[in-house]
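A.B. asks:
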Amino acid sequence: MAILAEHKLKIRYEGGLADQNALPGYDGVTSIDGITRAVHIALHAYMTGEITTRATALKNASVLLKPARQGSFIFELIILVEAYPATTGIAAALGGPMLYDFLKTAFKRATGSLDAEPETTSLRKLYERKDPPLLVSTRN
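Residue 1 is where the sequence shown starts when you use the working numbering, and the numbers rise one by one after that.
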């Protein structure tokens with residue numbers, strides 16, 4: 001696997017038991033699983049231009065889970081990009097800021113903030129194109 005880029009997302013839990021360096025077992029594992037699945041689905045759209053509802057559909061990238069450090073509940077998701085995103089070849093060259101902005105905007109819109117706009121100029125230009133690329137649904 002030829003990796004073109006590696007990006008890290010730090011996931012931090014605050015409040016309640018997390019402030020005591022613990023998480024409820026079931027809820028903690030369910031949360032980590034949900035975050036990972038959401039990143040898979042959004043990353044699949046970023047990489048291929050396809051909309052899917054299955055977290056296992058990701059191609060040309062992978063998400064790895066790094067263990068929490070001793071005494072904390074911060075963990076890292078490592079995103080390994082193997083091919084250029086469907087958006088443009090420039091997207092991979094721009095690296096982290098555009099990917100993070102894409103994920104942040106996608107998650108805000110998915111959770112009800114439909115007016116969320118990208119902050120990076122390059123991504124904003126992609127969103128504003130008059131003839132956006134067709135997104136293919138892979139729903140089964």
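Idealized CB from N, CA, C, for every residue including glycine. Model, not experiment: these values are computed from the prediction.
Give the C-beta separation of L65 and L77 to the nearest angstrom, bearing in mind that I take them to be a contact with Cβ-Cβ under 8 Å.
C.D. replies: The count along the sequence shown starts at 1 and reaches residue 65 at position 65. The count along the sequence shown starts at 1 and reaches residue 77 at position 77. About 6 Å separates the two Cβ atoms, so the contact holds.
A.B. asks: Quick one: what's A5 bridged to in DSSP?
C.D. replies: As a working mapping, residue 5 is identified with position 5 in the sequence shown. Paired residue(s): V81.
A.B. asks: Can at least three beta-carbon pairs, one atom from the segment 33-49 and one from the segment 114-124, be found at a separation below 8 Å?
C.D. replies: Contact between the segment 33-49 and the segment 114-124 is absent, because fewer than three Cβ pairs lie under 8 Å.
A.B. asks: For A110, which option in T48, M98, A38 and G25 has the closest C-alpha, if you only look at C-alpha atoms?
C.D. replies: As a working mapping, residue 110 is identified with position 110 in the sequence shown. A110 has its Cα closest to that of A38, out of T48, M98, A38 and G25.
A.B. asks: Apart from the five residues just before and just after P97, which ones in its own chain have a Cβ nearer than 6 Å to its Cβ?
C.D. replies: Walking along the sequence shown from the start, residue 97 turns up at place 97. Contacts found: T120.
A.B. asks: What are the partner residues of I11, as DSSP defines its beta bridges?
C.D. replies: Numbered from its first residue, the sequence shown carries residue 11 at position 11. According to DSSP, which records beta bridges pairwise, I11 is partnered with F75.
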